[in-house]
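Q:
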Amino acid sequence: MAEELIPGIDPTAKPSGEGCADCLAVGGWWLHLRRCAACGRIGCCDSSPAQHAGAHARAAGHPFITSFEPGEDWFWNVETEEYYEGPELAEPLAHPLSQPTPGPSGSVPDDWRQHLH
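Structural data, given as structure tokens:
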């Protein structure tokens, strides 16, 4: 039986990198990473200072994000604010285990907890 396609999820879209593309561009940092299930863009979670993943999803009209954290397997719809089950995505499914959380190394302030949402 063929897996049913979910509009807004492209199982073949590869991750854009190992960290939040927007944070890396400006020397920022993140708590956790999320992956756009439509295009693969990696962004920071809504608890992170910049909240890039949710902002990308809403601006691009890409409703589904998924965790890019090791051991996590879920999809979140930013439009309905509900969890979903989705297909296996293109590898890698998470950032490298060597990358710290929060990250990236060298960019996280000592008082990082005070900057979370």
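Using the working numbering, read the sequence shown as starting at 5 and increasing by one per residue.
Here a beta-carbon is modelled for each residue, glycine too, at the ideal position from N, C-alpha and C.
On a predicted model such as this, the values are computed, not experimentally measured, just so you know.
Runs of 4 residues minimum, wholly inside the segment 52–105: which ones carry the alpha helix (DSSP H) assignment?
A: Runs of the alpha helix (DSSP H) inside the segment 52–105: 56–64.
Q: Determine the direct distance from the alpha carbon of Glu92 to that of Met5, and round the result to whole angstroms.
A: Confidence at Met5 is low in this model, with a pLDDT of 40, below 50, so its placement is unreliable and the value that follows should be read with caution. The straight-line gap from Cα to Cα measures roughly 15 Å.
Q: Would you call the CB atoms of Phe68 and Gly21 closer than 7 Å?
A: Not closer than 7 Å, so no.
Q: By Cβ distance, which residues of its chain are closer than 8 Å to Cys24, with the 5 residues on each side in sequence left out?
A: Answer for Cys24: Gly32, Trp34, Leu37, Ile46, Gly47, Cys48, Ser52, Ala54, His56, Ala57, listed in chain order.
Q: Terminal residues of the continuous alpha helix (DSSP H) containing Leu37?
A: Taken as a continuous stretch (DSSP letters only), Leu37 belongs to no alpha helix (DSSP H), being part of the beta strand (DSSP E) at 37–40.
Q: Within 10 Å of its beta-carbon, does Pro74 have 16 or more other beta-carbons around it, so buried, or fewer, so exposed?
A: With fewer than 16 other Cβ atoms within 10 Å, it is exposed.
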